[in-house]
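Report on the following structure.
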Amino acid sequence: MTVKTPTASRSNLLLTLTRYREFGIILIIIILAVIVTLRAPVFLTLGNFRDILLDISILVIVALAQTMVILTHGIDLSVGSVIGLVAMMVAFTIKANPTIPLVVVVLLGMALGAILGSFNGLIIAIGKVPPIIATLGTLSIYRGMIFLYSKGYWIPPFQLPDTFKLLSKGTFLGIPHIIIFAIVVAILVYYFLNYTRTGRDIYAVGSNPDAAQYVGIRKQRIIFLVYVLTGIAAGLAGVLWASRFESSQTNTALGFELQTVAASIVGGVSISGGVGTVPGVLLGALLLGMINNSVTLVRISPFWEQAAQGLLILIAVVSDILIMRRVQRNKSK
Amino acid sequence: MKASTVSSTAAASQPANQINVNAPRKSFLARFQRWEWMLVALVVIAIVINSRLTPYFLNAQNLSRTSADFMELGLMMLPMVFIIITGNIDLSVASNLGMCASFMAVLWNLHVNIWIAAGAGLALATLGGLLNGFLIAKVKLPALVATLGTYAFFRGIAYVLLGDQAGRGYPPAFTYLGQGKIPGTLIPFSVGLFAVLAVVFGLVLHRTTFGRYIFSIGNNENASIYAGVQVARIKMTIYIVSGFMAGLAGLVLAARFGSTRPDIGTGLELTVITAAVLGGVDINGGIGTMPGAVLSLLLIGLVRFGMGLKNVQDQVQSIAIGSLLILSILLASVARTISASGLKFNWRNIATAAAFIIVFAAFFFFFFWSRAPVLKSVFG
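Those sequence lines, one after another, are chains A and B.
So for the first sequence, our numbering puts the first residue at 1; every next one is plus one.
So for the second sequence, our numbering puts the first residue at 1001; every next one is plus one.
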């Protein structure tokens, strides 16, 4: 008995650590941070941390919504196109009405996103089209609508008023607005998923759709809801995108959907639904942001950026699945 | 004799997804499921509309040139049909295409013989497929996750290899792959290549035990394992084949463009998946036919070509393709729901429908209203 105790407590500690799915990704983040800091000490400064947060704010907002969709065993591939379309419509509206209040702009973007998201939700929840097909279709449709809307024209920076640019670039207590937006969204989603009944229903629908229905959860409504929420988040992201990059182009956020999925998956969200946490996704987005940032800092050719990102996504998901399997085996022993 | 007639009638009444290894061979027509006839009808409609809209449509030169534009898609679609029928997916094909073409371009720029360079590109793409297969069949990552990772990784390698350079000045013997015609005909070489490979893939899928296993994995993977099907090996094989075909598509595309940039073929994976699914391949696995997929590629090609002749922008054409994709699944599922439970005309359903119509109408009103002043100031 006494001989066995140390091993038992050690494996207990390991178990407690690995019980948090975030454990693996924190490990990767620390390793990456140490390596990069050795090569470029500037990495571990507050200013650089701020830069990383600035870069991932929009990603965080959309990835958290994407997480809700993935929790229900769905996927939303149309978010990039929704961001692009909303950014374009909002930029056009502002160009035509430069005096429009910022609150209205933000609400308008979210409303437009909600409508586009509700179309996804309608064909998925009511029309029973598999999510990947439905949103693959709307990815093309919404992207095409950007061209239809703008006729290929784009809004350059000088046509947007400064007040609109300050929506993301302005600071409050030294923190850029765009980061505050991301933090607020993260808190809201965290509260929603963990402390509201609807939020728990999202997990229930994802982990066992049939059981969820038997206990009286309206599955269709939950599924419809997550796509509307994702639309709202993508709409907000569209407004912030136009403000941060001071322009709106037809290829805005092209391919962004796969980044949001990557952030969720790297953050430990299970693609088969029911598993995933807000802190995990935040770490996933942070890791993606850190990779991009460190490629620049270590002065690796920018052409390495995507390869490094892809490789680290693979390492993250493979190590995660291996750790989880080890834990499962220990538990069953 | 009697037993065989009983089983043949039973087989005829079964839907295509049912696995019946002992089923007698059905005639080609019996195999031609309803959805394929639907696609034939749509293809005919597309041809009629196209030839009405523009006199340039029924022009052998034009048709020949256009058909070559869709062959990279077709080459990647063939193994994608296998993969989706097993219930998996490959998001990395277009990136793998880019990796292959970029590797070939780098070697060509280093004055390596073009065929050795092309072979090396093909080998690298096949290796990429092997990595996918390993991650999915051995590590047991979900296919969506694994190929999302390699989607970024392969494209990244393409950028690493080629950077801001480009491969160009390929010899005519190589560009023949993408631009040449079969001697004495108007048929592009790539179309001939695709046709031969489509027949091969179709025969493997519908006429061999390997093809049967593909369906059985898609219907019930665990049952297949218990039945002694080498599931891991089969998955590995189809991902390796998918990698090889993506590489082949990369060579054809590079030959057609006559040059290679690292972003070559970006985004094609979604069109490839669209073509397969529109062809009646069930994204959940277990259902699908090769003729259906080929017909849907033909349909996509005709729709895009026709709209292109009417000067519709490429991106706006994608609205039509996206709608076609959604409608093809939506109509079938709505029909199934209605026949199962009927339409319920209670006040709540009607009110909900009305609310959605009003919201979408408001959206389109805003869509046209908000752009008018800007477009007026820009285009006059």
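In this text, a Cβ means the ideal position worked out from N, Cα and C, and glycines have one as well.
In this text the structure is predicted, and so the values were computed from the model without any measurement.
(request) Could you name the residues of the stretch 1102-1123 of chain B whose beta carbon sits closer than 7 Å to any beta carbon of chain A, in the order they occur along the chain? (result) Within the stretch 1102-1123 of chain B, no residue qualifies.
(request) Within the same chain, show all residues whose beta-carbon is closer than 7 Å to that of residue 26 of chain A, passing over the 5 residues directly before and after it, in chain order. (result) The count along the first sequence starts at 1 and reaches residue 26 of chain A at position 26. The answer, listed in chain order, is 283.
(message) Quick check on the DSSP output: what are the complete alpha helix (DSSP H) runs of length 4 or more inside the stretch 12-91 of chain A, in order along the chain?
(response) Listed in chain order, the complete alpha helix (DSSP H) runs (minimum 4 residues) inside the stretch 12-91 of chain A are 22-39 and 46-71.
(message) I want to verify the contact list: residues of chain A whose CB lies under 7 Å from the CB of residue 1082 of chain B, in sequence order.
(response) In the second sequence, counting from the first residue as 1, residue 1082 of chain B sits at position 82. Residue 1082 of chain B does not reach chain A, its nearest Cβ partner there being about 18 Å away, counting only Cβ pairs nearer than 7 Å.
(message) Let me see if you follow: with CB-CB separation under 9 Å, is residue 1378 of chain B close to chain A or not?
(response) Here the question's residue 1378 of chain B lines up with position 378 in the second sequence. Residue-level contact by beta carbon holds for residue 1378 of chain B and chain A, with a gap shorter than 9 Å.
(message) I want to verify the contact list: residues of chain A whose CB lies under 7 Å from the CB of residue 1242 of chain B, in sequence order.
(response) To locate residue 1242 of chain B, count along the second sequence from 1; it is residue 242. At a beta-carbon threshold of 7 Å, none of the residues of chain A lie near residue 1242 of chain B; the nearest stands roughly 17 Å away.
(message) Taking the straight line between their C-alpha atoms, what separation do you get for residue 153 of chain A and residue 1278 of chain B?
(response) Here residue 153 of chain A corresponds to residue number 153 of the first sequence, with the count starting at 1. Here residue 1278 of chain B corresponds to residue number 278 of the second sequence, with the count starting at 1. Going from the Cα of residue 153 of chain A to the Cα of residue 1278 of chain B covers about 32 Å.
(request) Could you check which residue in A:22, A:330 and A:226 has the C-alpha nearest to that of residue 70 of chain A? (result) Along the first sequence, read from residue 1 onward, the residue named residue 70 of chain A stands at position 70. Distances from the CA of residue 70 of chain A to each of A:22, A:330 and A:226 were compared; the closest alpha carbon is that of A:226.
(message) Give me, in chain order, the residues of the same chain whose beta-carbon lies closer than 7 Å to that of residue 1252 of chain B; leave out the 5 immediate sequence neighbours on both sides.
(response) Against the second sequence, residue 1252 of chain B aligns to sequence position 252. A distance below 7 Å between beta-carbons, with the five flanking residues on each side excluded, links residue 1252 of chain B to the following residues of its chain, in chain order: 1071, 1072, 1075, 1177, 1178 and 1190.
(message) Is the separation between the beta-carbon of residue 85 of chain A and that of residue 112 of chain A shorter than 9 Å?
(response) Translated into positions along the first sequence, residue 85 of chain A becomes position 85. Translated into positions along the first sequence, residue 112 of chain A becomes position 112. Yes. Within cutoff.
(request) Give the single residue among B:1270, B:1257, B:1217 and B:1342 whose Cα lies nearest to the Cα of residue 1285 of chain B. (result) In the second sequence, counting from the first residue as 1, residue 1285 of chain B sits at position 285. With distances taken between CA atoms, residue 1285 of chain B lies nearest to B:1217 out of B:1270, B:1257, B:1217 and B:1342.
(request) Grab the span of the alpha helix (DSSP H) containing residue 1284 of chain B for me, first residue to last. (result) The residue labelled residue 1284 of chain B in the question sits at position 284 within the second sequence. That residue, residue 1284 of chain B, is in no alpha helix (DSSP H); it is neither H nor E in DSSP.
(message) Can you tell me whether residue 1181 of chain B is helix, strand or coil according to DSSP?
(response) In the second sequence, the residue the question calls residue 1181 of chain B occupies position 181. Residue state, collapsed to three classes: strand.
(request) Classify residue 299 of chain A as helix, strand or coil using the three-state DSSP reduction. (result) For the purposes of this step, residue 299 of chain A is taken as the residue at position 299 of the first sequence. Coil at residue 299 of chain A, not helix or strand.
(request) Determine the extent of the alpha helix (DSSP H) in which residue 1375 of chain B is found, giving its start and end residues. (result) Locating residue 1375 of chain B in the second sequence gives position 375, where the first residue counts as 1. Run containing residue 1375 of chain B: 1347-1379, per the alpha helix (DSSP H) assignment.
(message) Taking its Cβ as the centre, do 16 or more other Cβ atoms sit within 10 Å of residue 195 of chain A, making it buried, or is it exposed?
(response) Working through the first sequence from its first residue, we reach residue 195 of chain A at position 195. Residue environment for residue 195 of chain A: exposed (fewer than 16 other C-beta atoms within 10 angstroms of its C-beta).
(request) Kindly list the residues whose CB is nearer than 7 Å to the CB of residue 1164 of chain B, restricted to its own chain and excluding five residues on each side of it in sequence; keep chain order. (result) By 1-based counting over the second sequence, the position of residue 1164 of chain B is 164. Answer for residue 1164 of chain B: no residue qualifies.
(message) In the DSSP output, which residue or residues are listed as bridge partners for residue 171 of chain A?
(response) Taking the first residue of the first sequence as 1, we reach residue 171 of chain A at position 171. Residue 171 of chain A pairs with A:176.
(request) Inspect the beta-carbon positions of residue 239 of chain A and residue 108 of chain A and report whether they are closer than 9 Å. (result) As a working mapping, residue 239 of chain A is identified with position 239 in the first sequence. As a working mapping, residue 108 of chain A is identified with position 108 in the first sequence. In this structure, residue 108 of chain A lies closer than 9 Å to residue 239 of chain A by Cβ.
(request) Give the interface partners of residue 1284 of chain B over in chain A, defined as CB-CB distance under 9 Å, in chain order. (result) For the purposes of this step, residue 1284 of chain B is identified with residue 284 of the second sequence, where counting begins at 1. 130, listed in chain order.
(message) Quick check: what's the CA-CA separation for residue 260 of chain A versus residue 76 of chain A?
(response) The residue labelled residue 260 of chain A in the question sits at position 260 within the first sequence. The residue labelled residue 76 of chain A in the question sits at position 76 within the first sequence. Residue 260 of chain A and residue 76 of chain A: Cα-Cα distance of roughly 9 Å.
(request) Helix, strand or coil for residue 1010 of chain B, going by three-state DSSP, please let me know. (result) The residue you call residue 1010 of chain B lines up with position 10 of the second sequence. Only weak support exists for where residue 1010 of chain B lies, its pLDDT of 40 falling under 50; the value from the coordinates is given anyway. If DSSP states are grouped into helix, strand and coil, residue 1010 of chain B belongs with the helices.
(request) Using a threshold of 9 Å, state whether the C-beta atoms of residue 131 of chain A and residue 199 of chain A are closer than that. (result) What you label residue 131 of chain A is simply residue 131 of the first sequence in a count that begins at 1. What you label residue 199 of chain A is simply residue 199 of the first sequence in a count that begins at 1. Not closer than 9 Å, so no.
(message) Let me see if you follow: with CB-CB separation under 9 Å, is residue 95 of chain A close to chain B or not?
(response) For the purposes of this step, residue 95 of chain A is taken as the residue at position 95 of the first sequence. Answer yes: the Cβ-Cβ gap between residue 95 of chain A and chain B drops below 9 Å somewhere.
(message) Based on DSSP bridge pairs, tell me the residues matched to residue 1167 of chain B.
(response) Position 167 of the second sequence, counting from 1, holds the residue named residue 1167 of chain B. According to DSSP, residue 1167 of chain B bridges with B:1260.
(message) Measuring straight from C-alpha to C-alpha, what distance separates residue 72 of chain A and residue 1140 of chain B?
(response) Counted from its first residue, the first sequence places residue 72 of chain A at position 72. Counted from its first residue, the second sequence places residue 1140 of chain B at position 140. Residue 72 of chain A and residue 1140 of chain B have their C-alpha atoms some 21 Å from each other.
(message) Would residue 1124 of chain B and residue 1265 of chain B be called neighbours here (beta carbons separated by less than 9 Å)?
(response) Within the second sequence, the letter at position 124 stands for residue 1124 of chain B. Within the second sequence, the letter at position 265 stands for residue 1265 of chain B. The answer is no: Cβ separation not under 9 Å.
(request) May I ask you to report which of helix, strand or coil DSSP gives residue 1055 of chain B? (result) By one-based count along the second sequence, residue 1055 of chain B stands at place 55. When secondary structure is reduced to three states using DSSP, residue 1055 of chain B falls in the coil class, being assigned neither helix nor strand.
(message) Given this structure, state the Cα-to-Cα distance separating residue 1318 of chain B from residue 1064 of chain B, to the nearest angstrom.
(response) Within the second sequence, the letter at position 318 stands for residue 1318 of chain B. Within the second sequence, the letter at position 64 stands for residue 1064 of chain B. In a straight line, the C-alpha of residue 1318 of chain B is about 22 Å away from that of residue 1064 of chain B.
(request) Kindly give me the distance between the Cβ atoms of residue 1135 of chain B and residue 1146 of chain B, rounded to whole angstroms, as I take these residues to be in contact under 8 Å. (result) Translated into the one-based positions of the second sequence, residue 1135 of chain B becomes position 135. Translated into the one-based positions of the second sequence, residue 1146 of chain B becomes position 146. Contact between residue 1135 of chain B and residue 1146 of chain B holds, with the beta-carbon distance rounding to 4 Å and staying under 8 Å.
(message) For a quick check, are the C-beta atoms of residue 1330 of chain B and residue 1042 of chain B less than 9 Å apart?
(response) For the purposes of this step, residue 1330 of chain B is taken as residue 330 along the second sequence, with counting starting at 1. For the purposes of this step, residue 1042 of chain B is taken as residue 42 along the second sequence, with counting starting at 1. No, Cβ-Cβ distance for residue 1330 of chain B and residue 1042 of chain B is not below 9 Å.
(request) Would you identify the three-state DSSP class for residue 217 of chain A, choosing helix, strand or coil? (result) If you number the first sequence from 1, residue 217 of chain A lands on position 217. In this structure, residue 217 of chain A counts as coil in the three-state DSSP scheme.
(message) Against residue 1157 of chain B, what residues of chain A qualify as contacts under a CB-to-CB distance less than 9 Å, listed in chain order?
(response) As a working note, residue 1157 of chain B is residue 157 in the second sequence. Residues of chain A passing the Cβ test: 306, 307 and 310.
(request) Given a cut-off of 9 Å, decide if residue 236 of chain A and residue 42 of chain A are closer than it, judged by their beta-carbon atoms. (result) On the first sequence, position 42 is the one that residue 42 of chain A refers to. On the first sequence, position 236 is the one that residue 236 of chain A refers to. Cβ atoms of residue 42 of chain A and residue 236 of chain A: not closer than 9 Å.
(request) Give the single residue among A:330, A:278 and A:271 whose Cα lies nearest to the Cα of residue 1144 of chain B. (result) Numbered from its first residue, the second sequence carries residue 1144 of chain B at position 144. When the alpha-carbon of residue 1144 of chain B is set against those of A:330, A:278 and A:271, the nearest one is in A:271.
(request) From the DSSP output, read off the bridge partner residues of residue 248 of chain A. (result) As a position in the first sequence, residue 248 of chain A is number 248, starting the count at 1. Per DSSP, A:155.
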